[in-house]
Amino acid sequence: VPALQRVQELSLAKQRSQVHVMLGFPGLRVDDPDAPALHVLTQVLSGQGGRLFLELRDRQSLAYQVQASSLEGLDPGMFMVYIASALEKEQQARDGVRGELVKLLEGGVSEEELVRARSYLVGSHSVSMQRFGTQASLLSLDELYGLGATHHLRYGERIDKVTRDDVMRVARRIIDLERAVYAVVR
């Protein structure tokens, strides 16, 4: 996959009173050893206790919804941050997302954030494994992707090994604010 050379923007105008902005970056493959650290990074930013929600929704009232997510594939996937905001707050929302990513890259993650993110990921994975459909799906996908049929059974171990340094290494590897894609629906 060729690297992005600059910031790109795609937009779509609709009759909406909200703006939806996604800031995306090239991601990882399913077999990348940094995938667990990317999952932790995503969770540090996401959820009601995550940085994006606390700062952009609770403190600054810029977001109806805000989250980070990643998708890994056989080819490199994507990492993105999504924010839904009032139309008149679009620039503030965009600046807020960018600012939080800069703070992350410059200041790192705290031990508390790391522990919260790892605990959430391990716990939610354990809960999802209670469903036979999920087990069958992961078993087949792990084998199909060449990871080995029991790869999903060691997810918690891989997440628990992620350190703050791992999270920052993957953040610096993935988040390049000079080479990103903005997708905007206004």
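Residue numbers -13 to 172, in our numbering, belong to the letters of the sequence shown in order. C-beta: ideal position from N, C-alpha, C; glycine also.
When the alpha-carbon of V16 is set against those of Y141, V(-7) and R150, the nearest one is in Y141.
The C-beta distance from P12 to L(-10) rounds to 7 Å, short enough to meet the 8 Å contact threshold. Taking C-alpha positions only, Q77 is separated from S56 by approximately 24 Å.
Check the Cα spacing between R80 and each of T120, V156, A49 and A(-1): the tightest is with A49. Under the three-state reduction of DSSP, L9 is assigned to strand. Residue pairing from DSSP places M66 in a beta bridge opposite G10 and S55. Measuring C-alpha to C-alpha distances from V52 to each of G59, R43 and E58 identifies R43 as the nearest. Apart from the 5 residues on each side of it in sequence, P62 sits with its Cβ closer than 7 Å to the Cβ of V(-13), P12, G13, L14 and R15 in its chain, given in chain order. In this structure V67 is buried. Its beta-carbon is surrounded by 16 or more other beta-carbon atoms within 10 angstroms. In the same chain as E(-5), and ignoring 5 residues on each side of it, the C-beta atoms closer than 7 Å to its own belong to Y168 and V170, in chain order. The C-beta of S47 has fewer than 16 other C-beta atoms within 10 Å across all chains shown, which makes the residue exposed. In this structure, A166 places its C-beta atom within 8 Å of the C-beta atom of L9.
Nearest to R2 by alpha-carbon distance, out of L40, L73 and I69, is L73.
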